[in-house]
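If you want this note's numbering, it's the 1-based position in the sequence shown plus 1.
Using N, Cα and C, we set each Cβ at its ideal position, and we do this for glycine too.
Bear in mind that the values here come from a model prediction, so they are computed numbers and not experimental data.
One structure below.
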Amino acid sequence: ISSDALPPVINLMRYSSQGPAIERRIENATELNEPFPEQTVTWIDIQGFGDHDVMKLIGERFGLHPLMLEDVINVPHRPKAEVYNDQLLLIINMILTSEETIVEIEQVSIVLGKNYVITFQDRPGDVLDPIRNRIRLETAPIRQHQADFLAYAIADTIVDAYYPALELLGDKLEDLEEEVVASPTTKLLHELNRLKNRLVNFRRAVWPQREAINSLIRDHHLLVSEPVRIHFRDVYDHCVQTSEVVEMYRDMVTGMLNTYLTSIANRTNDVMKVLTIVATIFIPLTFIAGIYGMNFQHMPELSTRWGYPIVWVVMLLIAGGMLYFFRKQGWLGGDGDED
């Protein structure tokens, strides 16, 4: 257990097809030693792993395999679905968002037993309030199902929370896409790199879950009924969709980075073109000025009355002629000659 792990907060919800749901905070882990009624489904939500004795007691109470408990506590862990004796472990990633950005990616471990579900999170805060609200309603369809349906509902809610996160990223991409052409700045480059890193983390969180969910569909686990297995197909489809959207966004960011580099290169080329044109214009002018700047005694033009204005006129004609030529070629913003 990490030294900075938060102390565990344990909440219990118990429900059946009839009657109000029971919901309470577990102050002492020994309260979990009481037997669970057969005709009910119990959901134990544990947030925080900071107490070794509590985690050990929970492991002993529910007979959690040491390897299962190790996978649960040692976060982050690659998403997977595994069977340990008469329990099923599903590890998936939860993405938390605020109004403007993705806050963090957190691992959620779901342990499915005969008539109970245990969820483990390393810190408070999740996206599972919609499930809690549904359980509180006596007429909610979820209360007509067994524990495996609750495990599915938790996984489905976590995966569905990816869509608001993707929408935030999509909106950010649209804003940056307009800026990358209009005003490609260094700040914009940093924003694109941050967004690219965020998408890489998003992909790393989402991509492995496809195989984890697919294994629940492909393998016939005794704890997962056939109707619930069919429901997990919907979760798998959502995982595939989000993975494809993330890949599309990554391609868009790569394209925007290329556009940014192209825009910067074009601007550099424009600056170099202007500097080259200015230098080219001044080459003949410098040549003329250099000739008449020589200190020879016998230079006929030096004694000419109109020599000075004539030199200016010649220089202006040369500069004007060269500007006209460059304009004609399209090097100064013109369209150039049309064939």
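Selection from the options that minimises the alpha carbon distance to residue i
i, options, result
"arginine 328", "Phe297, Leu262, Gln298, Lys274", "Lys274"
"aspartate 72", "Thr263, Val109, Asn134", "Val109"
"alanine 6", "Arg124, Glu180, Lys173, Thr277", "Arg124"
"phenylalanine 233", "Glu35, Asp157, Ala166", "Asp157"
"isoleucine 282", "Leu167, Arg251, Ala320, Val247", "Ala320"
"histidine 78", "Phe121, Pro142, Lys197", "Phe121"
"asparagine 259", "Glu178, Ala166, Leu286", "Glu178"
"asparagine 34", "Gln48, Leu13, Ala22", "Leu13"
"isoleucine 93", "Gln242, Trp208, Val254, Met316", "Trp208"
"leucine 174", "Ile106, Ile132, Tyr250", "Tyr250"
"tyrosine 261", "Lys188, Glu39, Ala206, Phe297", "Lys188"
"aspartate 271", "Gln88, Val241, Glu227, Trp332", "Trp332"
"leucine 317", "Leu303, Thr287, Met300", "Thr287"
"leucine 170", "Asn202, Thr263, Ser264, Phe150", "Asn202"
"proline 36", "Ala141, Ile96, Thr277, Phe63", "Phe63"
"isoleucine 106", "Glu248, Asp238, Val314, Pro80", "Pro80"
"leucine 91", "Ala166, Ser216, Arg135, Val254", "Ser216"
"cysteine 240", "Val246, Arg211, Arg230, Glu248", "Arg211"
Environment of residue i [buried if 16+ CB atoms lie within 10 Å]
i, result
"methionine 295", "exposed"
"leucine 70", "buried"
"arginine 268", "exposed"
"aspartate 54", "exposed"
"histidine 191", "exposed"
"lysine 57", "exposed"
"aspartate 46", "buried"
"glycine 256", "exposed"
"histidine 354", "Any answer about residue 354 is impossible in this case: the structure gives the chain only from 2 up to 340."
"serine 18", "exposed"
"histidine 299", "exposed"
"proline 185", "buried"
Local conformation of residue i per DSSP, three classes
i, result
"aspartate 54", "helix"
"glutamate 81", "According to the sequence provided, residue 81 is lysine. The question's glutamate does not apply to it. Here lysine 81 sits in strand by DSSP."
"valine 128", "coil"
"glutamine 40", "coil"
"glutamine 147", "coil"
"serine 110", "strand"
"glutamate 32", "helix"
"glutamate 24", "strand"
"aspartate 5", "coil"
"methionine 300", "coil"
"leucine 68", "helix"
"glutamate 339", "Below a pLDDT of 50, predicted positions are generally treated as unreliable, and glutamate 339, at 49, falls in that range; the measurement from the model is reported next regardless. Three-state result, glutamate 339: coil."
"glutamate 61", "helix"
"alanine 152", "helix"
"threonine 158", "helix"
Start and end residues, alpha helix (DSSP H) containing residue i
i, result
"tryptophan 313", "308 to 329"
"threonine 260", "227 to 292"
"glutamate 180", "163 to 183"
"glutamate 192", "187 to 207"
"glutamate 212", "210 to 219"
Residue range of the unbroken beta strand (DSSP E) whose run includes residue i
i, result
"glutamine 122", "117 to 122"
"asparagine 12", "10 to 16"
Counterpart residues of residue i in DSSP-defined beta bridges
i, result
"asparagine 75", "Asparagine 75 is not bridged to any residue."
"aspartate 46", "Asn12, Thr120"
"leucine 91", "Ala82, Ile111"
"leucine 97", "Glu105"
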